[in-house]
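To convert, take the position in the sequence shown, counting from 1, and add 3; that gives the numbering used here.
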Amino acid sequence: EKIVCDQMSDYLLSEKLIFNSQHGFLKTMSCMTCHFEFFNLVFTKRSLGHLVLVLYLDISKAFDMVNHKLLVSKLSSHGIRNPLLAWLNSFLSNRHQIVKINSTLSKAEPVTSGVIQGSVLGPLLFIAYINDICKCFSMGRPFLYADDLKIVYSFPPHEFAHAFSGVTTELNKVAVWCSKWKFDLNASKYGWICFGDKCLNFDLSINGSKLSRLQSVVDLGLRYSYNLSFTEQVNMQTSKSHRLLSCIIRNFYSNDSRILLYKVCVRPLLEYCTFILSNVSIRDKLRLESVQRRLTLRIHEADRTLDYKTRCTKLGLDTLRRRRLKLNLIFFYKILNKLAFSSPNTIQLEEPSCYNLRNSASKINIS
Numbered sequence: 004e005k006i007v008c009d010q011m012s013d014y015l016l017s018e019k020l021i022f023n024s025q026h027g028f029l030k031t032m033s034c035m036t037c038h039f040e041f042f043n044l045v046f047t048k049r050s051l052g053h054l055v056l057v058l059y060l061d062i063s064k065a066f067d068m069v070n071h072k073l074l075v076s077k078l079s080s081h082g083i084r085n086p087l088l089a090w091l092n093s094f095l096s097n098r099h100q101i102v103k104i105n106s107t108l109s110k111a112e113p114v115t116s117g118v119i120q121g122s123v124l125g126p127l128l129f130i131a132y133i134n135d136i137c138k139c140f141s142m143g144r145p146f147l148y149a150d151d152l153k154i155v156y157s158f159p160p161h162e163f164a165h166a167f168s169g170v171t172t173e174l175n176k177v178a179v180w181c182s183k184w185k186f187d188l189n190a191s192k193y194g195w196i197c198f199g200d201k202c203l204n205f206d207l208s209i210n211g212s213k214l215s216r217l218q219s220v221v222d223l224g225l226r227y228s229y230n231l232s233f234t235e236q237v238n239m240q241t242s243k244s245h246r247l248l249s250c251i252i253r254n255f256y257s258n259d260s261r262i263l264l265y266k267v268c269v270r271p272l273l274e275y276c277t278f279i280l281s282n283v284s285i286r287d288k289l290r291l292e293s294v295q296r297r298l299t300l301r302i303h304e305a306d307r308t309l310d311y312k313t314r315c316t317k318l319g320l321d322t323l324r325r326r327r328l329k330l331n332l333i334f335f336y337k338i339l340n341k342l343a344f345s346s347p348n349t350i351q352l353e354e355p356s357c358y359n360l361r362n363s364a365s366k367i368n369i370s
């Protein structure tokens with residue numbers, strides 16, 4: 004199964020049969036690349052004075068609703084032929100499922116739709132099935148992570164009427180696409196947010212269900228608000244991290260165990276999307292650092308004369324600020340060397356100036 008998955012993935016990507024809007028379950032793609040591409044676009048358009056409208060849509064039980072016949076047909080249209088196509092059809096067919104409650108088993112029922120969750124091949128088959136939803140958008144730019152979909156529209160304020168018409172048209176296309184491929188949209192998770200004008204007010208709907216305006220949104224584990232503030236995200240990260248750290252300190256007395264558990268369970272929470280956290284306010288950065296500061300102080304509570312950096316050095320820890328810098332450099336290295344996805348021209352290296360200027364070395368521009 005893994006061999007088939009790897010070869011199919013390489014084929015679909017090399018033939019450009021998977022849109023680069025999809026960041027889920029693919030090589031070089033991740034939540035990080037999705038956030039990076041998304042916020043790069045948003046900040047670029049805002050710097051030009053454009054309003055940025057983002058729609059958030061969700062497909063109900065998407066992995067369970069994939070129609071097997073339509074999936075095989077779609078794979079065939081992508082150039083996948085027998086015997087592989089027949090093998091994939093067999094892989095999907097003649098499966099049954101049962102439900103167990105305590106010691107009671109239900110009657111086995113045939114599975115007539117859905118990719119096999121927990122399998123190696125299932126996510127790739129789902130991506131191939133949902134992929135062409137991106138064709139619904141010509142004015143907006145879609146961003147997908149598996150079945151999580153958001154669409155970005157940017158426009159000058161005076162072109163609002165034209166933009167609104169275009170957004171409505173593309174929402175209708177999404178409704179038609181979902182009907183054709185046997186999907187239902189989850190009305191409880193519809194929403195839209197506007198960066199640049201908190202007074203902008205209009206109604207958007209799809210399939211008769213109104214999209215509610217959002218003041219903030221949790222998107223792939225990252226919370227942000229209509230004014231592009233990440234303070235709520237920092238509050239969420241630090242609160243959860245302090246709770247976990249309290250549990251570790253309370254239940255483990257060995258300092259080595261505390262540090263190990265902190266590195267494994269707590270620190271990753273404080274380092275999600277470091278390229279975003281590197282640009283929050285100083286106050287928010289200090290809140291993030293307070294978690295590690297508390298750990299080092301607890302371990303060195305016998306000598307409170309030691310400053311924070313010294314305590315970190317003695318424990319073999321970098322400050323979170325320094326780690327963010329390292330992680331950002333690693334991420335950009337991966338992008339520059341095509342180990343992580345980035346759209347063309349997202350990052351450019353400037354040649355050094357021939358003049359003796361202070362920042363004459365090559366520098367990274369995020370444009």
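Ideal placement from N, C-alpha and C gives every residue a C-beta, glycine not left out.
- D187 sits in coil when the DSSP states are folded into three classes, being neither helix nor strand.
- With a cutoff of 8 Å on beta-carbon distance, A111 and I101 are scored as near each other.
- In the DSSP assignment, R301 falls within the unbroken alpha helix (DSSP H) covering I285 to I302.
- Taking a cut-off of 8 Å for Cβ pairs, the segment 174-185 and the segment 134-143 touch, as three or more such pairs fall below it.
- Among the bridge pairs identified by DSSP, G143 is matched with none.
- Taking a contact as a CB-CB distance under 8 Å, the pair R98 and V114 counts as one, their CB atoms being some 4 Å apart.
- L207 is the residue among Y132, L207, N134 and I333 whose C-alpha sits nearest the C-alpha of G169.
- Between the segment 30-41 and the segment 221-237 there are three or more inter-stretch CB-CB distances shorter than 8 Å, so the stretches are counted as touching.
- The continuous alpha helix (DSSP H) containing I333 extends over residues L323 to L339.
- For I279, the uninterrupted alpha helix (DSSP H) run begins and ends at T277 to L280, by DSSP.
- In this structure, R325 keeps its C-beta atom at 8 Å or more from the C-beta atom of T277.
- Looking at the DSSP output, T107 bridges to I104.
- Among the bridge pairs identified by DSSP, C197 is matched with L56.
- Secondary structure at S346: coil, using DSSP grouped into helix, strand and coil.
- Here the segment 38-58 makes contact with the segment 152-161; the two share three or more CB pairs at distances below 8 Å.
- Per DSSP, the continuous beta strand (DSSP E) segment holding R226 begins and ends at L225 to S228.
- Rounded to the nearest angstrom, the Cβ distance from K192 to D67 is 16 Å, too far for a contact under 8 Å.
- Here F167 has F205 as same chain residues with Cβ atoms under 7 Å from its own Cβ, once five neighbours each way along the sequence are excluded.
- Here DSSP, grouped into helix, strand and coil, assigns D13 to helix.
- In this structure, DSSP gives Q120 a state outside helix and strand, which the three-state scheme calls coil.
- The criterion of a C-beta distance shorter than 8 Å is not satisfied by R270 and I302.
- Taking a C-beta distance under 8 Å as the contact criterion, G27 and I104 do not qualify as a contact pair.
- For D222, there is no enclosing alpha helix (DSSP H); the enclosing beta strand (DSSP E) has its first and last residue at S219 to D222.
- Spanning the alpha carbons of H81 and Y229 requires a straight line of approximately 39 Å.
- Counting other Cβ atoms within 10 Å of its Cβ, G125 reaches 16 or more and is therefore classed as buried.
- DSSP, reduced to helix, strand and coil, places S50 within a helical segment of the structure shown.
- Take D187, set aside five residues on each side of it, and the residues of its chain with a beta-carbon closer than 6 Å to its own are S63, in chain order.
- For C268, same chain residues with a beta-carbon under 8 Å away, outside a window of 5 residues either side, are L247 and I251 in chain order.
- In terms of Cα proximity to E274, the closest of T313, S93 and Q240 is Q240.
- Measuring C-alpha to C-alpha distances from E162 to each of K185, Y148 and L203 identifies L203 as the nearest.
- Residue state for Y311 is assigned as helix, using DSSP reduced to three classes.
- When secondary structure is reduced to three states using DSSP, F158 falls in the strand class.
- Straight-line spacing of the CA atoms in L20 and I83 works out to 11 Å.
- Annotation: T47 to L272 spans about 27 Å, alpha carbon to alpha carbon.
- Of the residues assessed, Y227 falls on the buried side of the cut-off, its CB having 16 or more other CB atoms within 10 angstroms.
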